[in-house]
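*Asks:* Attaching a single structure in structure tokens format; questions to follow.
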Amino acid sequence: MGNTLAQKIWADHIVSSNPGEPDLLYIDLHLIHEVTSPQAFDGLRLANRKVRRPDLTIATEDHNVPTLNIDKPIADPVSKLQVDTLRKNAAEFGVRIHSLGDIDQGIVHVVGPQLGITQPGMTIVCGDSHTSTHGAFGALAFGIGTSEVEHVLATQTLPLVRPKTMAINVEGKLKPGVTSKDIILAIIAKIGTGGGQGYVLEYRGSAIQALSMESRMTVCNMSIEAGARAGLIAPDEVTFEYLKEKPHAPKGADWEAAIAYWKTLKSDADAKFDKEITINADELEPFVTWGTNPGQGLPLNAKVPNPADIADVEERGAAERALTYMGLTAGTPLKEITVDTIFLGSCTNGRIEDLRAAADVIKGKKKNEKVRMLVVPGSARVRLQAEAEGLDKVFIDFGAEWRTAGCSMCLGMNPDQLTVGERAASTSNRNFEGRQGKGGRTHLVSPLVAAATAIRGTLSSPADL
Amino acid sequence: MDKYISHTGSVLPLRRSNVDTDQIIPAVYLKRVTKSGFEDGLFGAWRNDPEFVLNKPEFSGATILVAGVDFGTGSSREHAVWALQNYGFKVVISSRFADIFRGNSQKAGLLTVVLPQGEVEAIWSAIESDPKTELTVDLESKTVSYSGKSIYFEIDDYTRWRLMEGLDDIGLTMKKIDEVSAFEAKRAAFKPKTIPALS
Numbered sequence: 000m001g002n003t004l005a006q007k008i009w010a011d012h013i014v015s016s017n018p019g020e021p022d023l024l025y026i027d028l029h030l031i032h033e034v035t036s037p038q039a040f041d042g043l044r045l046a047n048r049k050v051r052r053p054d055l056t057i058a059t060e061d062h063n064v065p066t067l068n069i070d071k072p073i074a075d076p077v078s079k080l081q082v083d084t085l086r087k088n089a090a091e092f093g094v095r096i097h098s099l100g101d102i103d104q105g106i107v108h109v110v111g112p113q114l115g116i117t118q119p120g121m122t123i124v125c126g127d128s129h130t131s132t133h134g135a136f137g138a139l140a141f142g143i144g145t146s147e148v149e150h151v152l153a154t155q156t157l158p159l160v161r162p163k164t165m166a167i168n169v170e171g172k173l174k175p176g177v178t179s180k181d182i183i184l185a186i187i188a189k190i191g192t193g194g195g196q197g198y199v200l201e202y203r204g205s206a207i208q209a210l211s212m213e214s215r216m217t218v219c220n221m222s223i224e225a226g227a228r229a230g231l232i233a234p235d236e237v238t239f240e241y242l243k244e245k246p247h248a249p250k251g252a253d254w255e256a257a258i259a260y261w262k263t264l265k266s267d268a269d270a271k272f273d274k275e276i277t278i279n280a281d282e283l284e285p286f287v288t289w290g291t292n293p294g295q296g297l298p299l300n301a302k303v304p305n306p307a308d309i310a311d312v313e314e315r316g317a318a319e320r321a322l323t324y325m326g327l328t329a330g331t332p333l334k335e336i337t338v339d340t341i342f343l344g345s346c347t348n349g350r351i352e353d354l355r356a357a358a359d360v361i362k363g364k365k366k367n368e369k370v371r372m373l374v375v376p377g378s379a380r381v382r383l384q385a386e387a388e389g390l391d392k393v394f395i396d397f398g399a400e401w402r403t404a405g406c407s408m409c410l411g412m413n414p415d416q417l418t419v420g421e422r423a424a425s426t427s428n429r430n431f432e433g434r435q436g437k438g439g440r441t442h443l444v445s446p447l448v449a450a451a452t453a454i455r456g457t458l459s460s461p462a463d464l
Numbered sequence: 000m001d002k003y004i005s006h007t008g009s010v011l012p013l014r015r016s017n018v019d020t021d022q023i024i025p026a027v028y029l030k031r032v033t034k035s036g037f038e039d040g041l042f043g044a045w046r047n048d049p050e051f052v053l054n055k056p057e058f059s060g061a062t063i064l065v066a067g068v069d070f071g072t073g074s075s076r077e078h079a080v081w082a083l084q085n086y087g088f089k090v091v092i093s094s095r096f097a098d099i100f101r102g103n104s105q106k107a108g109l110l111t112v113v114l115p116q117g118e119v120e121a122i123w124s125a126i127e128s129d130p131k132t133e134l135t136v137d138l139e140s141k142t143v144s145y146s147g148k149s150i151y152f153e154i155d156d157y158t159r160w161r162l163m164e165g166l167d168d169i170g171l172t173m174k175k176i177d178e179v180s181a182f183e184a185k186r187a188a189f190k191p192k193t194i195p196a197l198s
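Residue numbers (numbering that gives the first Met the number 0), protein chains in the order written: chain F, 0 to 464; chain W, 0 to 198.
Right, dumping it as structure tokens:
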């Protein structure tokens, strides 16, 4: 019997494997940011340990940085201390860092791919659950906690229990206006927030193969919202083409050797997945969440569900709580929901293609005067690229705020937050209670839906314009 | 890490499913650079509600949290584990945990116990009728017991051994560091390095 892609990458990274113990896996790349690393560096200091492989480690500042006035000191002293701590740790332990103001600063999951240090067949970890993003390159990439961050810093390995594998076949062709964000929201709605627990997901099928690299990243990014620590896509010509000119891509003979290896990175025809599901891409519509977990989503043309219609007791209770928190009434068409804020950005949808897609919808139009719109590029380079293409002008003329790079309102850790009761259409990844600010209400959407909603003021797709 | 063998304590019944780590500790509380001081942020948003279970005097001093299915979903923040520990919790029981939260708990010494949903409901009912009911969670016998009842739970032998011995993972891996070096010697030359920085 053959092996799945995840099994192959796993096998290629086993340092030590003994019965009754987790496998010890080698980690090819460790990404670091300011929020989940300070306690790990403290642990190293206490034990008098070094970073084993600074040359496989890279840090950036993203979660807790402002997206305005970055030329001035960070106003919040507690945030400033956290960012300064990362800078000090990077200097002390010899770790490469891209700080605020640096051209390679940005959201850690945008920075890795654009530098070309995210490559097929690698094991990649970061103290951030959206590390699954890098799976789009055919890498085994997953989020870890701070204890594990310390473990990787000290040993460049992690003891891990072998996961199961699940194939998610997305077959067919997306309709115009339907994006990779809608694919992943539909998958999460289908399998639930715990459906992928214990699995590595492999996204396959004609609709996945047809996606650009950036769209693939959007899909893999939200694997964790289906409960899976990692999700991946077999590398192909789209992947190789994307990587080719990136700064850290292999060169010359190394490129040839890499390509030869990368081409072996696919699930064998006779590989057996522990579970398999299929989604018909032809039938997908723009998707939106109505509740407070990412599995509570529906096509935009649907109505707010009635909890009484939900058979499962747990799910019914969760739906009732969600409607109360979201201030929604069962039966209301989703398209009649009025929003206050549009957030375009995050590691899910803050890349150049996302900004282009949204700009294309709003170009020459005016923002609904009742909404505010924040556009936060995923990295400094995305911002510069957008400015080179004149997209910043499109957004500013439209009435949006054009910000500097960071996680921003996706997690509401910096000053970019929703206020109590404020409702957002957000291209980010989590609609948890208070995620974007205490009392804030989040509807997860694609960049296209975000843009159309900014024009109409109610949840909309470009087809409604 | 302290050795964990057995713990007896009172229970906080949290009748909610899908308690994500943003609920356990909202992002605004993540700015500290230590592992302590997170207790004030535990269930930060919900604590404003006087009816929230954590605010009820009959459950004060609880050291065992019994929650609904899919506890600890979302963000990988280990601060969620520290917040629970800082507040005084030693054990969390649920019918299903998110993978990263469970891993973080096991590393940091917070015991997570998976019980069938029916048993979780039974504990909730028992505690709600008598909040003084104490649970004993014993890792040696792999049982949760209360009111004369004993429920067996599964935990993998390796994790159980580590928790009972209070062993630190890094220390264990350091014993295999020669194998790590041997692996490194065989890594493909085309694998990327972050240094020197190219951009």
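Each residue gets a CB set at the ideal place from its N, CA and C atoms; glycine is no exception.
Residues of chain W with a CB under 8 Å from the CB of L55 of chain F: which are they?
*Replies:* In chain order: K192, T193.
*Asks:* Do F394 of chain F and A356 of chain F have their C-beta atoms closer together than 8 Å?
*Replies:* Against a cut-off of 8 Å, the Cβ pair of A356 of chain F and F394 of chain F comes out as no contact.
*Asks:* What is the C-beta distance between V214 of chain W and V112 of chain W, in whole angstroms, given that I count them as a contact (C-beta under 8 Å)?
*Replies:* Lying before the first or after the last residue shown, residue 214 of chain W is absent from chain W, which here runs from 0 to 198.
*Asks:* What first and last residue would you give for the beta strand (DSSP E) that runs through H97 of chain F?
*Replies:* Segment 95–97, the beta strand (DSSP E) holding H97 of chain F.
*Asks:* Can you look up D21 of chain W in the DSSP assignment and give me helix, strand or coil?
*Replies:* Looking at D21 of chain W - three-state DSSP - the assignment turns out to be helix.
*Asks:* Is the CB-CB distance between H97 of chain F and T56 of chain F below 8 Å?
*Replies:* Going by C-beta atoms, H97 of chain F is not nearer than 8 Å to T56 of chain F.
*Asks:* Under 7 Å between beta-carbons, which chain W residues line up against L458 of chain F? List them in chain order, please.
*Replies:* Chain W residues near L458 of chain F: none, gap ~23 Å exceeds 7 Å.
*Asks:* If you follow the alpha helix (DSSP H) that V52 of chain W is in, where does it begin and where does it stop?
*Replies:* Careful: V52 of chain W lies outside any alpha helix (DSSP H) and carries neither H nor E.
*Asks:* On the CB-based measure, 16 or more other CB atoms within 10 Å of its CB, does R15 of chain W come out buried or exposed?
*Replies:* By the neighbour-count rule (16 or more Cβ atoms within 10 Å), R15 of chain W is buried.
*Asks:* Compute the beta-carbon to beta-carbon distance between P21 of chain F and P162 of chain F, rounded to the nearest angstrom, for a pair I have assumed lies under 8 Å.
*Replies:* Their Cβ separation, rounded to whole angstroms, is 11 Å, which puts P21 of chain F and P162 of chain F out of contact at 8 Å.
*Asks:* Would you give the residue range spanned by the beta strand (DSSP E) that R203 of chain F belongs to?
*Replies:* That run of the beta strand (DSSP E) goes 198–203.
*Asks:* Starting from the Cα of S128 of chain F, find the closest Cα among F:N279, F:F136, F:Q435, F:V107 and give me that residue.
*Replies:* Residue F:V107 is the option with its Cα nearest to S128 of chain F.
*Asks:* Check whether the segment 48–57 of chain W and the segment 66–78 of chain W touch, using three or more Cβ-Cβ pairs below 8 Å as the test.
*Replies:* The segment 48–57 of chain W, when compared against the segment 66–78 of chain W, does not touch it at the 8 Å Cβ threshold.
*Asks:* Which residues in the same chain as G194 of chain F place their Cβ atom closer than 7 Å to its Cβ, once the five residues preceding and following it in sequence are excluded?
*Replies:* For G194 of chain F, where only same-chain residues beyond five positions count, the Cβ hits under 7 Å are A225, G226.
*Asks:* Helix, strand or coil, according to DSSP, for L166 of chain W in the structure here?
*Replies:* Coil at L166 of chain W, not helix or strand.
*Asks:* So what does K148 of chain W bridge to, in DSSP terms?
*Replies:* Its beta-bridge partners are W:Y145.
*Asks:* Is D98 of chain W close to chain A, meaning its C-beta is less than 8 Å from at least one C-beta of that chain?
*Replies:* This model lacks chain A altogether; the protein chains it does include are F and W.
*Asks:* Who are the near neighbours of N63 of chain F in its chain, counting only those whose CB is closer than 7 Å to its CB and skipping five residues on each side?
*Replies:* Once the five neighbours on either side are set aside, the close Cβ partners of N63 of chain F are E33, V34, S78, Q81, V82, M412, N413.
*Asks:* Measuring only the C-alpha atoms, how far is R48 of chain F from A153 of chain F?
*Replies:* Cα to Cα, the separation comes out at about 7 Å.
*Asks:* If you reduce the DSSP assignment to three classes, tell me which class S93 of chain W lands in.
*Replies:* S93 of chain W falls in the strand class under three-state DSSP.
*Asks:* For G105 of chain F and R380 of chain F, which I take to be in contact (beta-carbon distance under 8 Å), what is that distance rounded to the nearest angstrom?
*Replies:* About 7 Å; that satisfies the 8 Å criterion.
*Asks:* Less than 8 Å between the CB atoms is what I'm expecting for G389 of chain F and T418 of chain F, so what's the real figure, rounded?
*Replies:* 32 Å between Cβ atoms; not a contact.
*Asks:* Does the segment 24–44 of chain W come within contact of the segment 450–458 of chain F, defined as at least 3 CB pairs closer than 8 Å?
*Replies:* Output reads no: the segment 450–458 of chain F does not touch the segment 24–44 of chain W.
*Asks:* At the 8 Å Cβ level, is R76 of chain W part of the contact set with chain F, yes or no?
*Replies:* Yes, its Cβ sits closer than 8 Å to a Cβ of chain F.
*Asks:* Can you check whether the C-beta of M216 of chain F is within less than 8 Å of a C-beta belonging to chain W?
*Replies:* No, M216 of chain F lies away from the interface with chain W (no Cβ there is under 8 Å from its Cβ).
*Asks:* Is the beta carbon of G105 of chain F within less than 7 Å of some heavy atom of the ligand FAD?
*Replies:* Judged by which ligands are present, the structure shown has none, so any question about the ligand FAD falls away.
*Asks:* Please classify K30 of chain W: is it buried, with 16 or more other beta-carbons within 10 angstroms of its beta-carbon, or exposed?
*Replies:* The residue in question, K30 of chain W, is buried, as its Cβ has 16 or more Cβ neighbours within 10 Å.
*Asks:* Within a Cβ cutoff of 6 Å, which residues of the same chain sit near L210 of chain F, ignoring the five residues on either side of it in sequence?
*Replies:* Around L210 of chain F: S179.
*Asks:* Restricting to Cα atoms, I'd like to know which of F:P446, F:E284, F:Q118 is closest to K262 of chain F.
*Replies:* Closest option to K262 of chain F, Cα to Cα, is F:Q118.
*Asks:* So which residues on chain F does M173 of chain W lean against when the C-beta distance must stay under 8 Å?
*Replies:* The contacting residues are A153, T154.
*Asks:* Can you give me the Cβ contacts of G115 of chain F inside the same chain, cut-off strictly under 7 Å, excluding the 5 residues immediately before and after it?
*Replies:* Excluding residues within five positions, the ones whose Cβ falls inside 7 Å are L242, K245, P246, H247, A248.
*Asks:* Could you please tell me which residues of the segment 24–38 of chain W, in chain order, have their CB closer than 8 Å to any CB of chain F?
*Replies:* Those would be P25, A26, V27, L29, K30, R31, V32, T33, K34, in chain order.
*Asks:* Could you have a look at P158 of chain F and say whether DSSP puts it in helix, strand or coil?
*Replies:* P158 of chain F falls in the strand class under three-state DSSP.
*Asks:* Can you check DSSP and say which residues form a bridge with K274 of chain F?
*Replies:* According to DSSP, which records beta bridges pairwise, K274 of chain F is partnered with F:M165.
*Asks:* Nearest by alpha-carbon distance to I150 of chain W: which of W:V136, W:R161, W:M163 is it?
*Replies:* Comparing Cα-Cα distances from I150 of chain W to each of W:V136, W:R161, W:M163, the minimum goes to W:V136.
*Asks:* Below 8 Å on the Cβ atoms is my guess for G230 of chain F versus K106 of chain W; work out the distance and round it to an integer in Å.
*Replies:* Wrong, their Cβ atoms sit about 23 Å apart, outside the cutoff.
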